[in-house]
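Colleague:
In our numbering, the protein residues as written are 987 to 1151.
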């Protein structure tokens, strides 16, 4: 197995398959037999495992900093989320305050509008008092006193209307 060649002779012969040869009760493949026939051929390079099968595992000294970095990133994300939640709550409180302010302003405007309507209606009633209310009463009295005659007091109406009731 070393550098020196062996002085032992090995004989081999093909069995019925021609693929495998029996040598002192050891079966050899064609590849081995061909290599034995050609002693000058260079030795094949040892096979290295394919890259896809080999997954390097981080050594323990590297794993700790990676874990610490990952934990720090996770903590940073948690703090950011907490900060955003706090800002959101503040914004919601501010919106609620503004909503209450606007509702209060709306209620005040409605109250002022109702007061303005009331004052306007009262002033209108004062300004638009029934025209000649006493004249209407006199005409009614005339009709009641003279049911057989119509418009008996008609000549007096212009004078009654002229004084404005």
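Beta carbons: idealized from backbone N, C-alpha and C, even for Gly.
Can you give the Cα-Cα distance for residue 1069 and residue 1050, rounded to whole angstroms?
Modeller: Their backbone Cα atoms lie some 28 Å apart in a straight line.
Colleague: What are the uninterrupted segments assigned as alpha helix (DSSP H) that are 4 or more residues long and contained completely in the stretch 1039 to 1125, given in chain order?
Modeller: You should have 1046 to 1113.
Colleague: Quick check on residue 1130: does DSSP put it in helix, strand or coil?
Modeller: Three-state DSSP puts residue 1130 in a helix.
Colleague: Can you give me the C-alpha to C-alpha distance between residue 1083 and residue 1054, rounded to a whole angstrom?
Modeller: Distance between the alpha carbons of residue 1083 and residue 1054: 43 Å.
Colleague: How many Å lie between residue 1057 and residue 1092 at the Cα?
Modeller: The straight-line gap from Cα to Cα measures roughly 52 Å.
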